[in-house]
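Take a look at the structure below.
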Amino acid sequence: MTARLGRNRAFTALMFTAALLTSTAAFAQNYSQAPVLDGVAGLPPIAERLPLDPLVVPPVESIGQYGGTLHNISRDELDWLRQLIMVEPFARYERDVSGVRPNVLESWTWNDAYTEITMNFREGMKWSDGETFSADDFMFFWNDMVLDESIPVGLPSGTVVADKPMSVEKLDDYAVKLTFAAPNPLFMELASRGHYNSAQWLVPAHYLKQFHPKYSEVKDTTELMARYNATSRLQQVGMPTLAGWVVTEYTAGQRIVAQRNPYYWKVDPEGHQLPYIDTIDTSIATADSARQSVLLNGMAGKIDFQAREFNLSDVSLLMQNQEAGDYTIKMWSRGDFAWPWLMITYDHKDAGIVDLFYEQNFRIALSQAMDRNKYNDVVTFGLAKPRQFSMSPESPEFRSAEGQEVYQQWSNQYIDYDPELAKSLLDELGVVDKDGDGWRDRPDGTKLQLIVDMTASDPQTIAVMDLVKEDWDAIGIDTILNPIDNSALTTRAESGDMMMRAWPSAAGWGLMSAPTVWAPVEAREWSMGGISISRYFQSGGTEGTAPRPGSMLEKLQNAYEFATEQVDPAARDAALLDAYRIYLEDGPITLGTIGEHPSPVLVSNKLHNVPDTGMIGSHDFGFPATADPEQFYFTK
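Going by my numbering, the sequence shown wraps up at 828, each residue one higher than the last.
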């Protein structure tokens, strides 16, 4: 069956053909390399460094020129840089996010039932140190990282179906077969998201074995996990990679430099080995200073490409300084549904507050007490849209008349500002001021406080939440805002200490991008409902916290599982809309504020092949890597 996804055509195709990827056979003897590699001692000829069938990347504008250093800025957690150079998964999303295209995999084939997928890696691909990449690297990941109980790597999302982990069989040096307990037709799309999932699964076994207790004298897994985890992998200078650039310098909190990978396995249509750009030089800013740093350096012409860390309030200044800074501002879509969205965590340690969270009228009261028009006017200058939490309006499942009806109902649910209704709903629940201190208490008479955690580095989230606090305080709910650094947020989320979290700009597309924002199915920080409840689903019930029986969270998990098993696209969309209707019946389950923002992308006027459109609100789609930065180039 199909080996490539296009939203409207993928699941009916019988054969895989990589139409946009030109055959390399015509110029197989005419490969060329960057001049900086000429004369490098010990480096094999270009034809010996490339796979038998290199991936051909069509340019956005034109064939490029070699050379140059791309300067940008990343926060100290390097999330921006990870999105730029670590997104080399099984398949990359198309530039227009209409589906996925071959990447590390040359092809893949499903059986008729979508319970078995054969994945074919590119023969002759090499790691950046020249060692051969093969199916053995994937088998090491599965057998020695995932299945080895002494290694703290859980079963990745998409690998557990019908409560059973997939089985993995090596067919030959460049092919593996995955078998699932039930249909799993979206495995390739889900496994190819962002710099995590398969981009993280693809590891150099020959290198990691020296840090693995099974293969070395090492007694713990600290160094192994530092090199495996997506959040710390870039900090490992010289670690072999499949990316276009290899990290050669790293100074924590200051700078990270990546040089071209001489074994990179992609070429342009004329046989020039990619990438065109020699070096990526990234300045590291603290979370608190990143926004000011990118704004000032961008306007001064010291940044070549920057697609994150800007706020809407920066747009006017950026536009005014385009000529002086010799750059152009492209307005990419964020594809977002909220900035911020309020994640209610139903796995909090305090059973009393969880009891209230499970009460629909309590959640309705919180929503009706929020003056979203004020948030939009004050914080985003009227450029956003007041709305409830729901998926991005650009999601494909909303393109039908039925989908539009669901979207309109969902995104507008309980968003009218009505503090008097909110008060009456709370009164009916017994959430009243029992001790006369001016604040409402829980029905049992104990003190009620809503503690909202948020990152201290995002001014828009903090600005909106200051206004939300005013509104909730005004109806008698004592609201505490807790802006802290991201590492502390992670710890609180994992430990069950987080009551509610205000998450910055976010985007999601149904089953393809961030499904865990609408159903608790992946144990990630951005999972609605709480990490522990998602972990329960992801592990097949062996870990985590079960949702309450019959609750909206259990319904969402069941609905997600049913939708992902549907092989027919029409049936899958229908099942997805039925899942969303759980929100119409039991919502709001998560709270939205304002959303649907455009987002400025700064591009030096000397930098070319950067698309005019992109979607950066969701890490899942892999932008800006999905724009293929290996084909970006500078003019002299």
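No residue lacks a Cβ here, since even glycine has one placed at the ideal position from N, Cα and C.
Since the structure is predicted, the reported quantities are computational estimates derived from the model, not experimental observations.
Residue burial classification, residue i (beta-carbon count within 10 angstroms, cutoff 16)
i: P696; result: buried
i: R447; result: exposed
i: K458; result: buried
i: N604; result: exposed
i: L244; result: exposed
i: A593; result: exposed
i: S215; result: In this prediction, S215 has a pLDDT of 40, which is less than 50 and means its spatial position is unreliable; what the coordinates show is noted afterwards. So S215 ends up on the exposed side.
i: Y407; result: exposed
i: T827; result: exposed
i: Q600; result: exposed
i: L852; result: The requested residue 852 does not occur in the structure, where the chain is confined to residues 193 to 828.
i: V429; result: exposed
i: I672; result: exposed
i: G779; result: buried
i: T261; result: exposed
i: G236; result: At residue 236 the sequence reads Pro, which differs from the Gly that was named. P236 should be labelled exposed.
i: P712; result: buried
i: E788; result: buried
i: T818; result: buried
Length of the line joining the Cα atoms of residue i and residue j
i: M807; j: A477; result: 23 Å
i: L618; j: R740; result: 22 Å
i: L434; j: D547; result: 48 Å
i: M704; j: F815; result: 15 Å
i: T276; j: D539; result: Looking at the sequence provided, one finds Leu at residue 276 rather than Thr. Taking the straight line joining both Cα atoms gives about 34 Å.
i: G637; j: S724; result: 28 Å
i: V793; j: V249; result: 22 Å
i: F219; j: W710; result: Residue confidence is low: F219 scores 48 on pLDDT, short of 50, so the model does not pin down where it sits. Its coordinate-derived value is still stated next. Straight-line Cα distance between these residues: approximately 47 Å.
i: A367; j: W302; result: 13 Å
i: E832; j: E240; result: Summary: the structure shown does not reach residue 832, with the chain confined to residues 193 through 828, and so no result is reported for it.
i: G668; j: L621; result: 14 Å
i: G490; j: N513; result: 9 Å
i: N222; j: R314; result: 20 Å
i: T860; j: I238; result: Here the chain has residues from 193 to 828 only, and residue 860 is not among them.
i: F203; j: Y609; result: Low confidence applies here, because F203 scores a pLDDT of 29, under 50, leaving its location unreliable; read the following figure in that light. Taking the straight line joining both Cα atoms gives about 44 Å.
i: A354; j: A751; result: 13 Å
i: A217; j: D288; result: Interpretation of A217 is limited by its pLDDT of 42, a score under 50 that renders its predicted location unreliable; the figure taken from the coordinates is listed afterwards. Rounded to whole angstroms, A217 to D288 spans 27 Å at the Cα level.
i: R526; j: D629; result: 43 Å
i: G322; j: Q427; result: 20 Å
i: L213; j: L247; result: With a pLDDT of 40 at L213, under the threshold of 50, the predicted position of this residue should be treated as unreliable, though the coordinate-derived value follows. If I take the Cα positions, the gap works out to 7 Å.
i: E515; j: A305; result: 57 Å
i: G721; j: D518; result: 46 Å
i: T785; j: R564; result: 6 Å
Cβ-Cβ distance between residue i and residue j below 8 Å
i: D336; j: H387; result: no
i: F502; j: V802; result: no
i: T307; j: P375; result: yes
i: F824; j: Y258; result: no
i: V623; j: R634; result: yes
i: L297; j: Q465; result: no
i: A450; j: T423; result: no
i: S649; j: A444; result: no
i: P184; j: P396; result: No answer is possible for residue 184: the residues shown for the chain start at 193 and end at 828.
i: A699; j: F529; result: yes
i: L504; j: L575; result: yes
i: R385; j: D812; result: yes
i: A694; j: T653; result: yes
i: M331; j: K362; result: yes
i: L136; j: M692; result: For residue 136 there is no data in the structure shown, the boundaries of the chain being 193 and 828.
Paired residues, beta bridge with residue i - DSSP
i: F497; result: V795
i: K577; result: G787
i: W701; result: S705
i: Y442; result: I448
i: D645; result: N674 and R693
i: R293; result: R284
i: A477; result: R267
i: S384; result: For S384, which the question treats as bridged, DSSP gives no partner whatsoever.
i: M807; result: S525
i: P357; result: V352
i: A364; result: The sequence shown places Asp at residue 364, not Ala. Per DSSP, A367.
Closer than 7 Å: residue i CB and nearest the ligand MG heavy atom
i: T351; result: Only the bare structure without any ligand can be found here, which leaves the ligand MG out of the picture.
Exercise. For the segment 371-383 against the segment 266-277, are there 3 or more C-beta pairs whose distance is under 8 Å?
Worked result: With the rule of 3 Cβ pairs closer than 8 Å, the segment 371-383 does not count as touching the segment 266-277.
Q) Between the segment 527-544 and the segment 578-587, do at least 3 Cβ pairs fall closer than 8 Å? A) Here the segment 527-544 makes contact with the segment 578-587; the two share three or more CB pairs at distances below 8 Å.
For the segment 279-297 and the segment 412-422, state whether three or more C-beta atom pairs, one from each stretch, are separated by less than 8 Å.
Below 8 Å, too few C-beta pairs join the segment 279-297 and the segment 412-422 to call them touching: fewer than three.
Q.
Contact between the segment 587-601 and the segment 765-772 is defined here as three or more beta-carbon pairs at a separation below 8 Å; is this criterion met?
A. With the cut-off at 8 Å, the segment 587-601 and the segment 765-772 touch.
query: Does the count of Cβ pairs from the segment 389-400 and the segment 344-358 closer than 8 Å reach three?
result: Result yes; three or more Cβ-Cβ pairs closer than 8 Å.
message = Can you confirm whether the segment 681-698 touches the segment 313-332 when touching is taken to mean that 3 or more C-beta pairs between the two stretches lie within less than 8 Å?
response = Verdict: no, contact absent.
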